[in-house]
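Anchor point for the sequence shown: position 276 equals 276 in full-length UniProt numbering, and the numbering is continuous, going up by one each time. In this text, a Cβ means the ideal position worked out from N, Cα and C, and glycines have one as well. Treat the numbers as computed from the prediction; the structure is a model and nothing was measured. Accompanying notes for the structure given below.
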Amino acid sequence: MAEDDTTWGMNDIDSAFVTQSFQDLFSTLSPWKLDGDLVLDISIYSPSDSDHWFKYLEFGPDMPPGRSSPPFRQSEVSTQSLTDLYDDPAHGWRAGRRETALASRVIHRVFDEIECPLPCEDEELEKKWWQRLPLVPAITGEYLRQQTRRRWKPTDLAQMFARFPNLEELWYEPWKDEPLMQHFTDKCEYAAISLTLPSDFPVNDYNLPVDHEILFDSLHKGLRTMILFENFNQDYDTPKSWDLGAVRTRKENTALARKLARTSTDLEVLSASYIVDARHFFYARRESCIWPNLTSLALTSSLLGPDASSADIDGILLNAAAAALKMPKIQTIEIWNGKEGLAMLFRYRTARDGQSVTVTLRGTSEVILGPPVAQAWEAVALRHRHGRLEIESDSIDGRIIKSHGDALCHLKLSMQVIRPVSLRQIVKEDQLRTGPSDMNIW
Numbered sequence: 001m002a003e004d005d006t007t008w009g010m011n012d013i014d015s016a017f018v019t020q021s022f023q024d025l026f027s028t029l030s031p032w033k034l035d036g037d038l039v040l041d042i043s044i045y046s047p048s049d050s051d052h053w054f055k056y057l058e059f060g061p062d063m064p065p066g067r068s069s070p071p072f073r074q075s076e077v078s079t080q081s082l083t084d085l086y087d088d089p090a091h092g093w094r095a096g097r098r099e100t101a102l103a104s105r106v107i108h109r110v111f112d113e114i115e116c117p118l119p120c121e122d123e124e125l126e127k128k129w130w131q132r133l134p135l136v137p138a139i140t141g142e143y144l145r146q147q148t149r150r151r152w153k154p155t156d157l158a159q160m161f162a163r164f165p166n167l168e169e170l171w172y173e174p175w176k177d178e179p180l181m182q183h184f185t186d187k188c189e190y191a192a193i194s195l196t197l198p199s200d201f202p203v204n205d206y207n208l209p210v211d212h213e214i215l216f217d218s219l220h221k222g223l224r225t226m227i228l229f230e231n232f233n234q235d236y237d238t239p240k241s242w243d244l245g246a247v248r249t250r251k252e253n254t255a256l257a258r259k260l261a262r263t264s265t266d267l268e269v270l271s272a273s274y275i276v277d278a279r280h281f282f283y284a285r286r287e288s289c290i291w292p293n294l295t296s297l298a299l300t301s302s303l304l305g306p307d308a309s310s311a312d313i314d315g316i317l318l319n320a321a322a323a324a325l326k327m328p329k330i331q332t333i334e335i336w337n338g339k340e341g342l343a344m345l346f347r348y349r350t351a352r353d354g355q356s357v358t359v360t361l362r363g364t365s366e367v368i369l370g371p372p373v374a375q376a377w378e379a380v381a382l383r384h385r386h387g388r389l390e391i392e393s394d395s396i397d398g399r400i401i402k403s404h405g406d407a408l409c410h411l412k413l414s415m416q417v418i419r420p421v422s423l424r425q426i427v428k429e430d431q432l433r434t435g436p437s438d439m440n441i442w
């Protein structure tokens, strides 16, 4: 994809290249037989993305544990002075630091919508193009990692997943949309869990509902593990960057969380970070939801923080315990939150011997379990025969938490809520982005 600061995203040449790549990929993989686990890791980016405005970006493969990945681009130049490397006043960098805020058009070029197949006004023709691609029965897992900043269209994802009849595992790490687009994104891009717009969002000819169930149904059949992580960066979220009055936090969508809860009842592993709030997810217990196969659950909640009242925190933990009673195979539940200066975790985890269970409270603010909350989780342990309940807590210095990536590193979650390489990229990019101080990451 060619570098052109005047271009507002993917052009027809880019789209043609991506389209042909998908055709070649599916044609190559379609003859392969199902033989164990095979993961398809798809990333779409331009090598020039890190040449100018976004110099801190890096791209690389997702390597399995025990294997070292090839050196990323930034690693190859790690011996250079950051002052020399990041001295590009024309693109907002001087002496190793960015001195100019990102303009909307610059961000849009890297976060534009992925056009595959070639842009077409007829959605039915696009659908038929995907349906002409051969089935790939060998694929059991798919990674759509955060290094792809460009946005997938929900209809494209639905058709892509439908080509994988044996898909059991999905890791999807989209980026938080620009504020004006978030309403559309909640309606469309997270249609993997059949999302809906806020009830007060005006409906007109330009935001009529799409068929969310197409995408959801393509995932739901045999899917066992679903990891959703909505990444974000404050440089992209500030009003100055977007040239509009924007907020830095996601507008919460209760309907979205409840839809996720209702449609995850066949999963064994579920993690949803920043996309929904845990307190809304747990409301679904009132709708007769039962998760008979779920063993591991991780969710984020804005209530875990210094600004929330103890009553609010008790409320979400009581609702979580009530939901856990409907998860007969549950082994781990983690509710967490992380951003600059904040890292909080509540964890319920059974011991390997099955004779005890530990509730862990860890974070930059103190959380004390009141008697009703402790009793509620003791009831969970008793119902599922997890043994005696033990409570432990420890603190984290908020001054060392520079980003949500730092928070994840210090919280030491039991579950993987993001691909390890993605977490490493988030932490490294944030340290590079904020300047050459504390650069002990090589």
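- Rounded to whole angstroms, residue 87 and residue 57 show a C-alpha spacing of 16 Å.
- Here residue 28 carries a helix assignment [DSSP, helix/strand/coil].
- For residue 33, there is no enclosing beta strand (DSSP E), since its DSSP letter is neither H nor E.
- Annotation: residue 228 to residue 90 spans about 36 Å, alpha carbon to alpha carbon.
- Shown here, residue 415 sits in coil according to DSSP, grouped into three states, outside any helix or strand.
- Under DSSP, residue 171 forms a beta bridge with 143 and 227.
- Bridge pairing for residue 42: 144 [DSSP].
- Residue 134 sits close to residue 27, with the two beta carbons spaced by under 8 Å.
- With fewer than 16 neighbouring CB atoms inside 10 Å of its own CB, residue 34 falls in the exposed class.
- If you ignore the 5 residues before and after residue 426, its C-beta comes within less than 6 Å of the C-beta of 405, all in its own chain and listed in chain order.
- Judged by DSSP secondary structure, residue 344 falls within the beta strand (DSSP E) whose first and last residues are 342-350.
- A distance of 8 Å or more separates the beta carbons of residue 335 and residue 374.
- Using a Cβ distance threshold of 8 Å, residue 356 and residue 385 do not count as a contacting pair.
- In this chain, the alpha helix (DSSP H) harbouring residue 107 covers 104-110.
- By the Cβ-count criterion, residue 137 is buried, with 16 or more other Cβ atoms from all chains shown falling within 10 Å of its own Cβ.
- Taken through DSSP and simplified to helix, strand or coil, residue 113 comes out as strand.
- With fewer than 16 other CB atoms across the displayed protein chains lying within 10 angstroms of its CB, residue 131 is exposed.
- In the DSSP annotation of this structure, residue 363 is not part of any alpha helix (DSSP H); the continuous beta strand (DSSP E) holding it starts and ends at 356-363.
- Residue 363 is classed as buried because its beta carbon has at least 16 other beta carbons within 10 Å across all chains shown.
- Counting along the chain, the unbroken beta strand (DSSP E) around residue 298 starts and ends at 296-300.
- Shown here, residue 262 sits in a helix according to DSSP, grouped into three states.
- Close CB contacts of residue 18 within its chain, under the 8 Å cut and outside five residues either way in sequence, are with 10, 44, 114, 115 and 116 (chain order).
- Taking the CA atoms as reference points, residue 414 sits about 20 Å from residue 145.
- In this structure residue 39 is exposed. Its beta-carbon is surrounded by fewer than 16 other beta-carbon atoms within 10 angstroms.
- The alpha carbon of residue 421 has as its nearest neighbour, out of 148, 110 and 305, the alpha carbon of 148.
- In terms of Cβ geometry, residue 174 and residue 126 do not form a close pair [threshold 8 Å].
- Note on residue 360: 16 or more other CB atoms within 10 angstroms of its CB, so buried under the neighbour-count rule.
- Taking residue 165 as the centre and dropping the five residues before and after it, the same chain places the C-beta of 135 and 137 closer than 7 Å to its C-beta, in chain order.
- Cβ-Cβ distances below 7 Å link residue 326 to 285, 289, 290 and 291 in the same chain, with the five nearest sequence neighbours on each side left out; the list follows chain order.
- In the DSSP assignment, residue 288 is bridged to no other residue.
- Taking 8 Å as the cut-off, the Cβ atoms of residue 224 and residue 168 count as close.
- In this chain, residue 128 is not harboured by any beta strand (DSSP E); it is covered by the alpha helix (DSSP H) spanning 123-132.
- Between the alpha carbons of residue 423 and residue 273 lies a gap of roughly 13 Å.
- Listed in chain order, the non-local C-beta contacts of residue 432 below 6 Å within the same chain comprise 56, local neighbours out to five positions each way being set aside.
- Residue 157 has its alpha-carbon roughly 41 Å from the corresponding atom of residue 310.
- For residue 337, the enclosing beta strand (DSSP E) stretches over residues 332-339.
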